[in-house]
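Undergrad: According to my numbering, numbering within the sequence shown proceeds without interruption in unit steps and concludes at 477. From the three backbone atoms N, C-alpha and C, an ideal C-beta is built for every residue, glycine too.
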Amino acid sequence: MGEAAGDRVLSRLQANPDLIIGNYSDGNLVACLLAHKMGVTHCTIAHALEKTKYPNSDLYWKKFEDHYHFSCQFTTDLIAMNHADFIITSTFQEIAGNKDTVGQYESHMAFTMPGMYRVVHGIDVFDPKFNIVSPGADMSIYFPYSESQRRLTSLHPEIEELLYSNVDNNEHKYVLKDRNKPIIFSMARLDRVKNLTGLVELYGKNPRLQELVNLVVVCGDHGNPSKDKEEQAEFKKMFDLIEQYNLNGHVRWISAQMNRVRNAELYRYICDTKGAFVQPAFYEAFGLTVIEAMTCGLPTFATAYGGPAEIIVNGVSGYHIDPYQGDKASALLVEFFEKCQVDPSHWTKISQGGLQRIEEKYTWKLYSERLMTLTGVYGFWKYVSNLERRETRRYLEMLYALKYRTMASTVPLAVEGDSASK
């Protein structure tokens with residue numbers, strides 16, 4: 056596949072490119088192979104390295120192997136990050152974590168996969184190849200709720216049907232009885248790390264929060280049950296929690312929505328209700344939905360573990376929550392909405408704080424300018440100083456040929472099935 060992609064690039068450009076950027080584990084490996092073959096500058100963007108998402112996934116890799124193939128993925132990540140001329144991350148925490156958590160790249164410095172190999176110097180997190188460049192949301196789609204001339208009001212009947220209709224079908228389950236309440240909104244994949252079931256549970260345990268606001272979660276697919284065992288378990292848990300806390304009337308569970316334009320107007324519609332966005336993940340590498348919500352002016356409560364802790368200035372442009380302490384998170388939400396009832400300007404203050412934070416740091420204009428600058432700097436550096444890191448790259452070639460290719464041959468093709476889902 057990599058060779059075919061390289062041939063198409065050369066056919067289209069009629070020359071070698073100046074830069075090859077890889078995204079995610081498999082894309083980074085392909086970019087690594089192409090950049091090595093063509094002798095051009097190589098940039099890696101991991102987005103989310105899986106190693107820190109699953110505690111002790113290195114020591115107990117065999118336990119996860121049939122489902123996640125971590126032996127192959129961790130090797131892929133090691134090869135790509137060490138081959139790259141420069142690495143782009145969205146946050147500092149991706150590189151080196153904080154006082155409480157290990158960074159995604161930092162976790163690759165030294166680890167052991169029993170029976171496979173031991174890593175003693177997997178990556179140098181002080182290497183100048185690391186750069187923090189945070190992405191943004193598409194401003195043509197995600198824009199503040201207050202820009203009334205741009206609002207897509209023609210979509211409001213569809214959005215109101217999604218949120219409030221009394222019909223129970225494959226697109227939405229359960230009913231919101233009181234349309235006058237603000238809405239707590241969350242949207243993510245239905246997997247354990249995203250912790251949407253944790254959000255439903257903290258909401259269910261707090262009667263005062265139920266009095267103040269409705270809860271809307273967008274996740275999963277009611278019409279097409281997943282074959283992924285983890286998602287199946289979360290699906291069942293979600294139903295069980297809604298029934299356990301008798302939340303019908305307070306909760307709306309909507310199937311995953313792929314229409315970005317309508318989703319953006321949905322964020323803005325939630326703003327009209329004076330609601331909030333909650334991102335309760337146990338860990339989030341960056342948090343694009345956080346950026347989307349803040350770009351639309353929706354006050355945001357997001358996990359303290361990972362990128363959102365850097366995106367949000369706590370109490371100014373949003374709030375940090377601890378997903379492991381649901382009672383405290385729900386109390387913070389109650390405090391916010393009670394304060395907004397007494398002083399509606401408080402909602403506007405946090406909304407404006409979020410918009411200002413986005414404008415200062417999280418736009419695609421800033422991202423593209425920074426990326427072009429880095430391309431020039433590292434391309435020139437590679438050329439004038441001949442930093443080929445030959446010894447390292449020869450070792451990576453050996454690791455790829457003798458270890459990785461054998462492991463990769465055991466991974467099933469990406470077809471439906473438990474071992475292919477992730």
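#1: Kindly indicate which three-state DSSP category Thr99 falls into: helix, strand or coil?
#2: With the cut-off set at 8 angstroms, would you say Ile178 and Met164 are in Cβ contact?
#3: Distance check for Gly61 and Gln69, CA to CA, integer angstroms please.
#4: Give me the residue from Ala331, Glu393, Leu321 and Glu298 with the minimum Cα distance to Arg206.
#5: Please state whether the Cβ-Cβ distance between Thr355 and Ala340 is less than 8 angstroms.
#6: Out of Asn269, Ile214, Tyr115 and Glu289, state which residue places its alpha-carbon closest to the alpha-carbon of Asp276.
#7: From the DSSP output, which residues share a beta bridge with Ile238?
#8: So within the stretch 340-378, which uninterrupted beta strand (DSSP E) runs reach at least 3 residues, ignoring any that extend past its ends?
#9: Report the start-end ranges of each beta strand (DSSP E) in the stretch 168-240 that is 3 residues or longer and not cut off at the edges.
#10: Please tell me whether Met171 has its Cβ less than 8 angstroms away from any Cβ of chain B.
#11: Please return the same chain residues whose Cβ sits closer than 6 angstroms to the Cβ of Phe166, not counting the five positions on each side in sequence.
#12: Between the alpha carbons of Tyr258 and Asp398, how many angstroms are there, rounded?
#13: Between the stretch 151-162 and the stretch 196-213, can you find at least three pairs of beta-carbon atoms closer than 8 angstroms?
#14: To the nearest angstrom, report how far apart Val180 and Gln299 are at their CA atoms.
#15: What's the C-alpha gap between Arg448 and Ala103?
#16: Assuming contact is defined by CB atoms lying nearer than 8 angstroms, are Pro335 and Leu454 in contact in what I supplied?
#17: Which first and last residues belong to the alpha helix (DSSP H) in which Arg412 is found?
#18: My assumption, with CB atoms under 8 angstroms, is that Met242 sits in contact with Val273. Please give the rounded CB distance.
#19: Under 8 angstroms: do the stretch 137-156 and the stretch 421-438 share three or more Cβ pairs, one atom per stretch?
#20: By the 10 Å Cβ neighbour count, where 16 or more other Cβ atoms means buried, how is Glu471 classified, buried or exposed?
#21: Does the beta-carbon of Asn59 have 16 or more other beta-carbons within 10 angstroms, so that it is buried, or is it exposed?
#22: Could you check what DSSP says for Gly304 in three-state terms: helix, strand or coil?
#23: Identify every residue that forms a DSSP beta bridge with Asn78.
#24: At the level of alpha carbons, what is the spacing between Cys395 and Leu264?
#25: Going by the CB atoms, is the gap between Cys326 and Leu343 shorter than 8 angstroms?
TA: So, to answer that:
#1: Residue 99 sits at position 44 when you count from the first residue of the sequence shown. DSSP places Thr99 in strand when its eight states are reduced to three.
#2: What you label residue 178 is simply residue 123 of the sequence shown in a count that begins at 1. What you label residue 164 is simply residue 109 of the sequence shown in a count that begins at 1. Contact annotation: Ile178 and Met164 have beta-carbon atoms nearer than 8 angstroms.
#3: The count along the sequence shown starts at 1 and reaches residue 69 at position 14. The count along the sequence shown starts at 1 and reaches residue 61 at position 6. Approximately 11 angstroms, taken between the alpha carbons.
#4: Counting from 1 along the sequence shown, the entry for residue 206 is found at position 151. The shortest Cα separation from Arg206 among Ala331, Glu393, Leu321 and Glu298 belongs to Leu321.
#5: On the sequence shown, residue 355 is found 300 positions in, with the first residue counted as 1. On the sequence shown, residue 340 is found 285 positions in, with the first residue counted as 1. Not a contact, by the Cβ cut-off of 8 angstroms.
#6: In the sequence shown, counting from the first residue as 1, residue 276 sits at position 221. Selected option, being the one with the closest Cα: Glu289.
#7: The sequence position of residue 238 within the sequence shown is 183, counting from 1. Ile238 pairs with Asn269.
#8: The beta strand (DSSP E) runs lying completely inside the stretch 340-378 and spanning 3 residues or more are 355-358 and 374-376, given in chain order.
#9: DSSP runs (the beta strand (DSSP E)) wholly in the stretch 168-240: 172-174 and 185-187.
#10: Among the chains of the structure shown, chain B does not appear; only one protein chain is present.
#11: What you label residue 166 is simply residue 111 of the sequence shown in a count that begins at 1. Cβ within range, chain order: Asp113 and Val174.
#12: Along the sequence shown, one-based indexing puts residue 258 at 203. Along the sequence shown, one-based indexing puts residue 398 at 343. Looking at the two C-alpha atoms, the distance is approximately 23 angstroms.
#13: Taking a cut-off of 8 angstroms on C-beta distances, the stretch 196-213 does not touch the stretch 151-162, as fewer than three cross pairs fall below it.
#14: As a working note, residue 180 is residue 125 in the sequence shown. As a working note, residue 299 is residue 244 in the sequence shown. One C-alpha to the other measures close to 46 angstroms.
#15: The residue given as residue 448 occupies position 393 in the sequence shown. The residue given as residue 103 occupies position 48 in the sequence shown. Each residue's alpha carbon lies about 23 angstroms from the other.
#16: As a first step, residue 335 must be located in the sequence shown, where it is residue number 280. As a first step, residue 454 must be located in the sequence shown, where it is residue number 399. Between Pro335 and Leu454, the gap from beta carbon to beta carbon reaches 8 angstroms or more.
#17: Sequence index remark: in the sequence shown, residue 412 carries index 357 (1-based). The continuous alpha helix (DSSP H) containing Arg412 extends over residues Ser400 to Lys416.
#18: As a working mapping, residue 242 is identified with position 187 in the sequence shown. As a working mapping, residue 273 is identified with position 218 in the sequence shown. Indeed they touch by this definition, with Cβ atoms about 4 angstroms apart.
#19: Touching, yes.
#20: As a working mapping, residue 471 is identified with position 416 in the sequence shown. For Glu471, the predicted model reports a pLDDT of 46, less than 50, meaning its position is unreliable and no value from the coordinates is stated.
#21: Here residue 59 refers to the residue found at position 4 when the sequence shown is read from its first residue. Correcting the residue identity first, residue 59 is Ala in this sequence and not Asn. That one is exposed.
#22: Position 249 of the sequence shown, counted from the start, is the residue given in the question as residue 304. Strand, per DSSP.
#23: Residue mapping note: residue 78 aligns to position 23 of the sequence shown, counting from 1. According to DSSP, Asn78 bridges with Ile100.
#24: Taking the first residue of the sequence shown as 1, we reach residue 395 at position 340. Taking the first residue of the sequence shown as 1, we reach residue 264 at position 209. Whole-angstrom Cα-Cα distance: 13 angstroms.
#25: Your numbering for residue 343 matches position 288 in the sequence shown. Your numbering for residue 326 matches position 271 in the sequence shown. Going by C-beta atoms, Leu343 is not nearer than 8 angstroms to Cys326.
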